[in-house]
Amino acid sequence: MTHFSKASKSAGAILLAWLACSQSVIAQTSPTQQEVPFNRVDANAQVGERGRYRVKVTKTPAVIPINEIHTWTVYVETADSRPLIGAKIEVGGGMPQHSHGLPTQPKVVLVLSAGVYLIDGFKFHMPGYWEVDFNIDAEGVKDKVKFRLQLQ
Amino acid sequence: MGLIGLIPWAEAQCPADDIPLRWSPDEIAAIRSLWIGNLPRLAPDPSNAVADNPRAAAFGHRLFFDTRLSANGKVACATCHQPARYFTDGLATSLGMAATPRNAMTLVGTAYSPWFFWDGRKDSQWAQALAPLESRAEHGLSRRKLATIIGRYYRDEYQNLFGALPALADSKRFPPHADALGNRKQRAAWQRMAEADRLAISRIFANIGKAIAAYERRIMPGAARFDAFAEAVINGRQAAAANALSKDEIVGLRLFIGPAGCLQCHNGPQLSNFEFHSTAISMGIRDIDAGRALGIKQVLQDEFNCLSRHSDANKESECAALRFAVRDWQNQPSAFKTPTLRNLAFTAPYMRNGQFRNLREVLAHYNQGGTDRADRNELQALNLNQRELAQLEAFLSSLNGALDMPADLMLPPSVIRTNK
Chain F
726 MTHFSKASKS
736 AGAILLAWLA
746 CSQSVIAQTS
756 PTQQEVPFNR
766 VDANAQVGER
776 GRYRVKVTKT
786 PAVIPINEIH
796 TWTVYVETAD
806 SRPLIGAKIE
816 VGGGMPQHSH
826 GLPTQPKVVL
836 VLSAGVYLID
846 GFKFHMPGYW
856 EVDFNIDAEG
866 VKDKVKFRLQ
876 LQ
Chain A
30 MGLIGLIPWA
40 EAQCPADDIP
50 LRWSPDEIAA
60 IRSLWIGNLP
70 RLAPDPSNAV
80 ADNPRAAAFG
90 HRLFFDTRLS
100 ANGKVACATC
110 HQPARYFTDG
120 LATSLGMAAT
130 PRNAMTLVGT
140 AYSPWFFWDG
150 RKDSQWAQAL
160 APLESRAEHG
170 LSRRKLATII
180 GRYYRDEYQN
190 LFGALPALAD
200 SKRFPPHADA
210 LGNRKQRAAW
220 QRMAEADRLA
230 ISRIFANIGK
240 AIAAYERRIM
250 PGAARFDAFA
260 EAVINGRQAA
270 AANALSKDEI
280 VGLRLFIGPA
290 GCLQCHNGPQ
300 LSNFEFHSTA
310 ISMGIRDIDA
320 GRALGIKQVL
330 QDEFNCLSRH
340 SDANKESECA
350 ALRFAVRDWQ
360 NQPSAFKTPT
370 LRNLAFTAPY
380 MRNGQFRNLR
390 EVLAHYNQGG
400 TDRADRNELQ
410 ALNLNQRELA
420 QLEAFLSSLN
430 GALDMPADLM
440 LPPSVIRTNK
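Chain order of the listed sequences is F and A.
The opening position of the first sequence corresponds to residue 726 in this note's numbering, with each subsequent residue numbered one higher.
The opening position of the second sequence corresponds to residue 30 in this note's numbering, with each subsequent residue numbered one higher.
Following this line, the structure appears as structure tokens:
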């Protein structure tokens with residue numbers, strides 16, 4: 726529905742310019758966000774917080790849209806680089822700075838091949854900093870893999 | 030803080046004194062995202078097979094203005110959704126047959142929304158249109174009585190679109206007083222009806238909603254002064270941009286897309302994400318409203334939702350909003366749908382309970398970050414000064430424009446044909 730250009734770091738500069746002009750500014754960025762790519766998902770595999778699983782997001786829309794339901798394809802593998810078959814994946818996350826979760830509950834709708842899962846129902850309804858958590862459970866072995874997104 | 034050196038153009042921007050007409054690529058992207066020219070072509074509503082049928086729209090137009098569709102003969106859809114008020118009613122909370130607890134939302138542009146009512150307890154325009162017809166505080170009808178009214182006044186229009194009406198005159202099969210929401214006797218009469226006959230009545234009811242929705246899909250926002258400005262900015266025509274908006278409006282726009290953070294929820298060409306947020310609108314313990322926490326339960330159970338037998342959608346591949354809806358809202362009470370910010374001059378008072386009479390009151394609420402309540406509140410105080418608040422309000426006034434719909438559809442149908 727909406728089209729946002731690939732952004733740069735100048736949003737922060739606009740804020741700072743405003744700081745120079747006015748006392749009335751709300752802070753909307755945090756240091757961690759500046760490492761996060763804008764409007765796309767990090768192409769690198771992310772390791773779970775317990776080191777059990779790795780997730781690589783292999784396909785998304787070229788620009789993550791705002792206010793449109795869309796799919797992600799993810800590849801999940803074990804610590805020793807074998808595709809994780811039969812994983813139960815629950816998607817969580819949200820905007821920690823706004824204390825709310827995702828506006829939708831994405832779900833695995835199809836297993837495309839060994840370790841490759843099609844997840845439908847992603848939607849981001851606000852620009853800003855988002856986290857997407859894949860809570861993975863395979864035969865009782867659990868891990869949580871986090872991706873960070875900056876949308877504009 | 031060293032970032033400021035990276036962007037030389039940003040250093041000298043102190044808009045209170047001088048209005049810079051240069052816009053950064055990010056600002057232009059934000060302006061473009063709000064531009065009405067960015068409104069995509071309206072997608073089909075797969076749950077409503079007649080959504081884009083002109084005959085259904087003409088039928089729906091007549092139904093929309095017809096007060097015979099009420100228990101006292103005085104209430105039509107247009108009672109609370111008046112075209113001259115951009116399909117609102119000017120009241121804090123609406124009045125049908127009796128008082129209702131909520132403010133009437135505009136219908137303008139709602140064909141783009143996945144959710145309806147302040148709490149999103151409906152998931153399509155046609156399902157939304159049904160609820161007031163059966164509400165005792167609004168039209169006060171039963172679906173059984175509505176079927177008789179359709180058979181009496183709109184038999185041809187109905188049957189041309191939806192096929193033959195059942196033998197409603199058979200009062201044994203279709204007791205006129207049968208009403209699932211009525212008193213004990215009326216409920217018993219409804220329960221005694223054969224299941225297939227109850228379904229036939231409910232199907233007529235659903236079809237009436239679909240015809241009304243075919244009309245409502247035509248109610249669209251038109252271009253406002255902001256859109257002329259946005260088009261000029263996008264095309265690099267600085268002089269035209271400077272003429273389209275006043276200095277205060279331009280400064281208000283910069284606040285809107287920048288530090289005031291309005292764009293977080295009021296994004297896209299209708300300046301709404303059509304999702305649910307807690308903004309501390311409940312006032313006092315006598316005004317607790319569960320909002321989305323209750324609305325999600327209702328829409329999931331709704332007998333007319335996108336996944337229901339009355340929906341024309343493919344239940345496997347469509348109805349994404351409902352299939353992927355977040356179901357647990359218990360930790361976020363009093364969340365309500367973000368309203369559009371277009372045409373606010375015509376849709377006061379504001380908020381789900383109409384508690385703010387004007388935009389100054391609305392902006393004061395946001396500026397202080399809402400009232401201090403135990404409710405989850407997403408707002409943070411903005412601490413803007415009075416001049417900045419006035420500039421934000423000035424920007425909002427640039428979003429008023431004419432409706433984009435055929436003029437004859439804004440008027441009541443001149444001739445109401447009767448079939449007796």
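Note that beta-carbon positions come from the ideal geometry of N, C-alpha and C, so glycine has one too.
Of all Cβ atoms in chain F, is any one closer than 8 angstroms to the Cβ of residue i?
i: GLN361(A); result: yes
i: GLU347(A); result: no
i: ASN429(A); result: no
i: GLU3(A); result: Since the displayed chain A opens at 30 and closes at 449, residue 3(A) lies outside it and no answer follows.
i: GLU422(A); result: no
i: ALA261(A); result: no
i: ARG321(A); result: no
Does the CB of residue i have a neighbour CB from chain A at under 8 angstroms?
i: GLY811(F); result: no
i: SER824(F); result: yes
i: LYS832(F); result: yes
i: ILE791(F); result: yes
i: ILE751(F); result: Below a pLDDT of 50, predicted positions are generally treated as unreliable, and ILE751(F), at 31, falls in that range; the measurement from the model is reported next regardless. Yes, because at least one Cβ of chain A sits closer than 8 angstroms to the Cβ of ILE751(F).
Can you give me the Cβ contacts of residue i inside the same chain, cut-off strictly under 6 angstroms, excluding the 5 residues immediately before and after it?
i: TYR12(A); result: Residue 12(A) falls outside the range modelled here, since chain A spans only 30 to 449, and no answer is possible.
i: ASN372(A); result: TYR115 and ASN429
i: GLU56(A); result: none
i: PRO786(F); result: HIS795
i: LEU71(A); result: ALA140
i: ILE65(A); result: ALA252, ASP256 and PRO298
i: PRO828(F); result: LYS848 and HIS850
i: ILE286(A); result: ALA59 and LEU292
i: GLN157(A); result: PHE145 and LYS151
i: ALA289(A); result: LEU411
Do the CB positions of residue i and residue j come within less than 8 angstroms of each other?
i: PRO852(F); j: ILE844(F); result: no
i: PHE203(A); j: ARG247(A); result: no
i: SER171(A); j: HIS339(A); result: no
i: ASN77(A); j: SER153(A); result: yes
i: PRO75(A); j: ASN334(A); result: no
i: VAL780(F); j: VAL766(F); result: no
i: VAL801(F); j: VAL857(F); result: no
i: ARG97(A); j: TYR187(A); result: no
i: LYS151(A); j: ASP318(A); result: no
i: ILE814(F); j: VAL833(F); result: yes
i: ASP95(A); j: PRO250(A); result: no
i: ALA242(A); j: ALA364(A); result: no
For residue i, which residues in chain A fall below 8 angstroms Cβ to Cβ?
i: ILE794(F); result: ALA349, ALA350 and PHE353
Chain A partners of residue i, CB-CB under 7 angstroms?
i: THR829(F); result: PHE353, ALA354 and VAL355
i: PRO852(F); result: LEU292, GLN293 and ASN296
Taking C-beta pairs closer than 9 angstroms, name the residues in chain A that residue i reaches, listed in chain order.
i: ASP845(F); result: ALA349, ARG352 and PHE353
Take residue i and list the residues in its own chain whose beta-carbon comes closer than 8 angstroms to its own, dropping the five residues that flank it on each side.
i: GLN420(A); result: ASP277, GLU278, VAL280, GLY281 and LEU284
i: PRO205(A); result: ARG173, LYS174 and THR177
Using the beta-carbon of each residue, which ones in chain F are nearer than 7 angstroms to residue i?
i: ASN302(A); result: ASN792, HIS850 and MET851
Leaving out the 5 sequence neighbours to the left and right, which residues in its chain are closer than 7 angstroms to residue i when beta-carbon positions are compared?
i: MET380(A); result: ASN132 and ILE310
i: ALA839(F); result: PRO808 and ILE810
i: LEU323(A); result: ASP148
i: ILE237(A); result: LEU92, LEU175 and ILE179
i: ALA273(A); result: ARG254, ALA257, PHE258 and ALA261
For a test of your reading of the model: does the CB of residue i fall under 7 angstroms from any non-hydrogen atom of the ligand FAD? Yes or no.
i: HIS339(A); result: The ligand FAD is absent from the structure shown, which contains no ligands of any kind.
With three or more beta-carbon pairs closer than 8 angstroms as the criterion, would you say the stretch 175 to 189 of chain A touches the stretch 345 to 355 of chain A?
Touching, no.
Is the stretch 368 to 385 of chain A close to the stretch 293 to 313 of chain A, with three or more CB pairs under 8 angstroms?
yes
Within the chosen definition, does the stretch 188 to 207 of chain A reach the stretch 131 to 149 of chain A through at least 3 CB pairs nearer than 8 angstroms?
no
With a cut-off of 8 angstroms, do at least 3 Cβ pairs link the stretch 793 to 812 of chain F to the stretch 53 to 67 of chain A?
no
Tell me whether the stretch 118 to 135 of chain A and the stretch 155 to 170 of chain A touch, counting them as touching only if at least three CB pairs, one residue from each stretch, are closer than 8 angstroms.
yes
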